[in-house]
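Colleague:
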Amino acid sequence: MKKRIMPLVVALGISTTLLPYAVANGASNSAKIDQEIANMKKMKSAAEQKAKDVQNQLTQVQQEKQETAKDIETLMNQVDSATAKLSGLNVQIENTTEDLEENAKQLDEAEKRVETRDELLKKRMRIMYENGSVSYLEVVLNSTSFSDFIDRMSALKSIVGQDKEILEANKKDRALVAEKKQQIEKQLAYVKNLYAQTETLKQDLLVKEKAKEVKIASLSAEQQHLEEISSDQEQAIMEYAKKESQLQAKKAADAKAAAAAAAAAAASRNSSSIGGSSGGGPATGSGGSMGYPLPKRVALSSGFGGRVDPINGSFAGHTGIDMPSPQGTDIYAAESGTVLVASEWSGYGNCVIIDHGGGVWTLYGHIRNGGIKVSKGQSVKRGEKIAEVGSTGRSTGNHLHFEVRINSKPVNPSSYIGY
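Count the sequence shown with my numbering and you get residues 159 to 577, in order.
(1) Are the beta-carbon atoms of alanine 240 and leucine 359 separated by less than 7 Å?
(2) When the Cα of asparagine 527 is compared with those of Val272, Ser572, Lys414, Gln485, which residue comes out closest?
(3) Can you find the residues in the same chain that come closer than 8 Å, C-beta to C-beta, to glutamine 355, ignoring five residues on each side of it along the sequence?
(4) What is the DSSP secondary structure of alanine 336, reduced to helix, strand or coil?
(5) Using alpha carbons as the reference points, say which of Lys408, Ser388, Glu259 lies closest to glutamine 341.
(6) Output yes or no for whether 7 Å exceeds the beta carbon distance between isoleucine 479 and glycine 461.
(7) Look at serine 483 and valine 547 and say whether their C-beta atoms are less than 7 Å apart.
(8) Going by C-alpha distance, which of Lys190, Tyr522, Lys534, Thr255 is nearest proline 568?
(9) Among Ile324, Ser504, Ala399, Val497, whose alpha-carbon lies nearest the alpha-carbon of isoleucine 387?
(10) Who are the Cβ neighbours of isoleucine 593 in its own chain at under 6 Å, not counting the five residues just before and after it?
(11) Classify serine 553 as buried or exposed, calling it buried when 16 or more other Cβ atoms lie within 10 Å of its own Cβ.
(12) Helix, strand or coil for leucine 452? Go by DSSP, reduced to three states.
(13) Only counting the same chain, and skipping five residues up and downstream in sequence, which positions put a Cβ closer than 7 Å to that of tyrosine 348?
(14) Can you say whether serine 426 is buried or exposed, counting buried as having 16 or more other CB atoms within 10 angstroms of its CB?
(15) Once the 5 residues before and after glutamine 406 are set aside, which same chain residues still bring their CB inside 8 Å of it?
(16) Only counting the same chain, and skipping five residues up and downstream in sequence, which positions put a Cβ closer than 6 Å to that of valine 562?
(17) If you draw a straight line from the C-alpha of aspartate 451 to the C-alpha of alanine 545, how long is it?
(18) Give me the residue from Leu558, Thr550, Leu363, Gly319 with the minimum Cα distance to tyrosine 490.
(19) Assuming asparagine 508 contacts glycine 529 (C-beta within less than 8 Å), just tell me the rounded distance between them.
(20) Using 10 angstroms around the beta-carbon of tyrosine 353, count the other beta-carbons present and answer buried if the total reaches 16, otherwise exposed.
(21) Taking the beta strand (DSSP E) that isoleucine 387 belongs to, which residues open and close that run?
(22) How many angstroms separate the CA atom of serine 566 from the CA atom of glutamine 264?
(23) Looking at the structure shown, is tyrosine 574 part of a helix, part of a strand, or coil, going by DSSP?
(24) Who are aspartate 513's beta bridge partners in DSSP?
(25) Which same chain residues, not among the five before or five after methionine 396, have their C-beta less than 8 Å away from its C-beta?
Pasting the structure below:
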């Protein structure tokens with residue numbers, strides 16, 4: 159009996175000893191699992207918070223970009239407005255200068271007429287002085303016959319009438335001289351005022367351009383949508399260039415007609431050769447018929463036609479090609495021709511347009527301030543330096559905006575310069 163109890167006591171003792179261990183071990187595992195779950199929750203919460211922080215930062219960056227883009231858009235509009243005013247002032251200066259030149263020409267002619275008549279009267283006075291003072295009555299009474307009397311009376315009337323005409327004409331011309339001098343003084347004062355306004359606007363424009371550059375430097379994404387030139391701006395410069403082309407054509411025709419009047423045979427021979435050269439511009443867009451407008455070939459940052467805005471995904475047209483180059487890079491005439499525009503023009507900034515004949519124009523935009531090296535009406539040769547690369551107008555970086563136009567309508571320039 160005693161022997162049976164011992165194994166039972168031992169068994170009970172072992173089980174009593176193991177029970178607290180098992181309970182303790184089970185509790186330990188549960189606590190570990192709970193702890194791991196708690197840690198996982200913390201990690202998940204931390205990850206979610208980090209994701210939220212990143213999203214907030216992205217949202218903030220995007221908002222800052224949008225705000226910066228809006229700031230740039232505002233600056234672009236201010237630049238457009240200032241450039242448009244500057245263009246208007248330049249047109250006023252041109253028109254006033256033309257009127258001033260015409261008035262100066264009329265003044266010179268009137269003064270010459272007065273001088274000629276005065277010289278005639280002085281000659282008559284000298285003759286009278288040298289021959290002694292003779293009255294009209296003596297001339298009539300010294301006639302030898304009635305026929306001689308009539309002749310003398312007729313001659314006297316003619317002399318008196320001529321003197322009256324000379325004096326009356328001089329009176330009118332002297333009044334005209336005084337009027338033209340007064341007009342010229344007013345126009346000179348007006349032009350001086352226009353130039354002062356122009357200089358003020360140019361300084362304001364320089365400040366805005368600098369502010370634009372600083373804003374653009376803070377953007378990481380390319381802002382092509384800011385470079386879109388409005389149809390109104392495009393139409394305005396095309397209308398101006400068209401009128402200037404017509405005016406220059408008229409001047410050329412007048413000069414040709416004057417040459418023809420002076421030497422008909424020579425003018426006939428010259429007209430055939432001139433016609434061949436003026437019509438020899440690129441008529442089609444094949445084979446790279448024009449010269450390259452930059453010192454070396456570059457990859458285009460934007461092509462001709464439609465392009466998608468990288469910021470808002472909108473679709474917009476592009477009337478030329480954009481050729482990125484460092485500021486100050488030389489720009490060359492793609493073909494020989496006559497300069498129609500060489501000034502500031504809204505979204506194009508500082509701009510040059512060249513007429514190559516046959517309705518073919520090339521346009522060079524966003525030229526740096528002080529970078530236009532030609533003037534309106536100037537003849538240029540193919541490959542001649544006309545300007546320097548910049549980022550004026552609606553531009554977010556230094557590049558040449560190059561256009562080819564046929565009858566003022568934009569065509570793809572790429573094939574004209576061998577792209």
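We put the CB at the ideal spot given by N, CA and C, even for glycine.
Modeller: Quick answer:
(1) Taking the sequence shown and counting its residues from 1, one reaches residue 240 at position 82. Taking the sequence shown and counting its residues from 1, one reaches residue 359 at position 201. Contact: yes.
(2) As a first step, residue 527 must be located in the sequence shown, where it is residue number 369. Of the listed residues, the one whose Cα sits closest to asparagine 527 is Gln485.
(3) As a working mapping, residue 355 is identified with position 197 in the sequence shown. For glutamine 355, where only same-chain residues beyond five positions count, the Cβ hits under 8 Å are Leu247.
(4) Here the question's residue 336 lines up with position 178 in the sequence shown. Helix, per DSSP.
(5) On the sequence shown, position 183 is the one that residue 341 refers to. Selected option, being the one with the closest Cα: Glu259.
(6) Position 321 of the sequence shown, counted from the start, is the residue given in the question as residue 479. Position 303 of the sequence shown, counted from the start, is the residue given in the question as residue 461. Going by C-beta atoms, isoleucine 479 is nearer than 7 Å to glycine 461.
(7) As a first step, residue 483 is located in the sequence shown; it is residue number 325 there, counting from the start. As a first step, residue 547 is located in the sequence shown; it is residue number 389 there, counting from the start. Going by C-beta atoms, serine 483 is nearer than 7 Å to valine 547.
(8) One-based indexing of the sequence shown puts residue 568 at position 410. Out of Lys190, Tyr522, Lys534, Thr255, Tyr522 has the C-alpha closest to the C-alpha of proline 568.
(9) Here residue 387 refers to the residue found at position 229 when the sequence shown is read from its first residue. Checked all of Ile324, Ser504, Ala399, Val497; the closest Cα to isoleucine 387 is Ser504.
(10) Residue 593 is absent from the structure shown; the chain starts at 159 and stops at 577.
(11) Along the sequence shown, read from residue 1 onward, the residue named residue 553 stands at position 395. Under this definition serine 553 is a buried residue.
(12) Here residue 452 corresponds to residue number 294 of the sequence shown, with the count starting at 1. Here leucine 452 sits in coil by DSSP.
(13) Within the sequence shown, numbered from 1, the residue matching residue 348 stands at position 190. Taken in chain order, the residues that qualify are Thr254.
(14) Residue 426 sits at position 268 when you count from the first residue of the sequence shown. Note that serine 426 scores 48 on pLDDT, short of 50, meaning its location in the model is unreliable and no value can be drawn from it.
(15) Locating residue 406 in the sequence shown gives position 248, counting from the first residue. The residues are Thr496, Leu498, Asp513, Gly535.
(16) Mapped onto the sequence shown, residue 562 falls at position 404. Cβ within range, chain order: Thr520, Val569, Pro571, Tyr574.
(17) Locating residue 451 in the sequence shown gives position 293, where the first residue counts as 1. Locating residue 545 in the sequence shown gives position 387, where the first residue counts as 1. The residue asked about is misnamed: residue 451 is proline in this sequence, not aspartate. Distance between the alpha carbons of proline 451 and alanine 545 is about 10 Å.
(18) For the purposes of this step, residue 490 is taken as the residue at position 332 of the sequence shown. Among Leu558, Thr550, Leu363, Gly319, the Cα nearest to that of tyrosine 490 belongs to Leu558.
(19) For the purposes of this step, residue 508 is identified with residue 350 of the sequence shown, where counting begins at 1. For the purposes of this step, residue 529 is identified with residue 371 of the sequence shown, where counting begins at 1. Confirmed, about 6 Å.
(20) Taking the first residue of the sequence shown as position 1, residue 353 is located at position 195. Per the 10 Å Cβ criterion, exposed.
(21) Mapped onto the sequence shown, residue 387 falls at position 229. It is not in any beta strand (DSSP E) - isoleucine 387 carries neither H nor E in the DSSP assignment.
(22) Translated into the one-based positions of the sequence shown, residue 566 becomes position 408. Translated into the one-based positions of the sequence shown, residue 264 becomes position 106. Roughly 36 Å between the two C-alpha positions.
(23) To locate residue 574, count along the sequence shown from 1; it is residue 416. Tyrosine 574 falls in the helix class under three-state DSSP.
(24) Along the sequence shown, one-based indexing puts residue 513 at 355. BP columns for aspartate 513 point to Thr496, Trp519.
(25) On the sequence shown, residue 396 is found 238 positions in, with the first residue counted as 1. These residues qualify, in order along the chain: Arg563, Ser566.
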